[in-house]
Amino acid sequence: MSEKNSDFEALDDFLEPYLELPVKGKDGKIRTYRIDDPPAEDGIRIEKITTLAARLAAGGKPGDTTVLDDDEELNLYRMCLGNSYEPMLKELGWESFKHCSLVAMYWITVGKEAAVEFWKTGSQGKAPNREARRRASRDSSASAAASGTPSPASTSGTKAGSKRRKKAGRPRT
Numbered sequence: 435m436s437e438k439n440s441d442f443e444a445l446d447d448f449l450e451p452y453l454e455l456p457v458k459g460k461d462g463k464i465r466t467y468r469i470d471d472p473p474a475e476d477g478i479r480i481e482k483i484t485t486l487a488a489r490l491a492a493g494g495k496p497g498d499t500t501v502l503d504d505d506e507e508l509n510l511y512r513m514c515l516g517n518s519y520e521p522m523l524k525e526l527g528w529e530s531f532k533h534c535s536l537v538a539m540y541w542i543t544v545g546k547e548a549a550v551e552f553w554k555t556g557s558q559g560k561a562p563n564r565e566a567r568r569r570a571s572r573d574s575s576a577s578a579a580a581s582g583t584p585s586p587a588s589t590s591g592t593k594a595g596s597k598r599r600k601k602a603g604r605p606r607t
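Residue numbers (this note's numbering): 435 to 607.
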């Protein structure tokens, strides 16, 4: 099996190992912060946390406890920002710090395109990826099947006993 598989290029050839975020600090100076790719273990933790949050946002039922307390939220930001966490915490206001943390989280969990979209707009305007759509579809199908409440019948005016409306402005002949 010494034959080279030409279908795959080296990971370093197309993965981006860091983000550079230019941000105006509390002092008015723009600094560029480098956010490095997190260790795999942190990436797995970030994925778990964001998956749980996405399920709750999509209509899942929250448990008796909050998803993240304040310390856990800051720890999530620390995992996302890596070595840039401390300087950003000192030099940025809350909104900028939070925005950069969420951009890094999107980059880690969804990819650079989603991170750029969030950087520019403050929201993730793109449709979810295929796996997320499948998961949402499975979750909503399961919850719909489990629900004992039937969907309401159509009320579009097609009831058997309803009278036909005349069109305005056109005399009947």
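Beta carbons: idealized from backbone N, C-alpha and C, even for Gly.
Only a predicted model underlies this, so the values are computations on that prediction, with no experimental measurement involved.
Going by beta carbons, Leu510 and Ile469 fall outside the 7 angstroms limit.
Secondary structure note for Pro456: its beta strand (DSSP E) is the uninterrupted segment 452-458.
Here Ile464 is bridged, per DSSP, to Lys458.
In this structure, the CA atom of Asp471 is about 5 angstroms from the CA atom of Pro451.
For Pro521, the enclosing alpha helix (DSSP H) stretches over residues 519-525. Between the region 452-466 and the region 519-527, the count of C-beta pairs closer than 8 angstroms reaches three or more; the two stretches touch. Secondary structure at Asp505: helix, using DSSP grouped into helix, strand and coil.
Less than 7 angstroms separates the beta-carbon of Cys514 from that of Ser535. In this structure, the CA atom of Leu490 is about 20 angstroms from the CA atom of Phe552. In this structure, DSSP gives Asp441 a state outside helix and strand, which the three-state scheme calls coil. Distance from the CA of Ile478 to the CA of Ile464, rounded to the nearest whole angstrom, comes to 32 angstroms. Distance from the Cα of Tyr467 is smallest, within the candidate group Ala538, Leu445, Asp503, for Ala538. Apart from sequence neighbours up to five positions away, the residues of its chain that approach Lys546 with a beta-carbon distance below 7 angstroms are Glu450, ordered along the chain. Restricting attention to Ser557, Gly556, Tyr540, Thr555, the CA atom closest to the CA of Leu453 is found in Tyr540. When C-alpha distances from Glu506 are compared across Ile480, Pro521, Gly493, Thr485, the shortest belongs to Ile480. In the DSSP assignment, Leu536 falls within the alpha helix (DSSP H) that extends over 528-543.
Spanning the alpha carbons of Thr543 and Asn517 requires a straight line of approximately 18 angstroms.
Rounded to whole angstroms, Ala444 and Pro473 show a C-alpha spacing of 19 angstroms.
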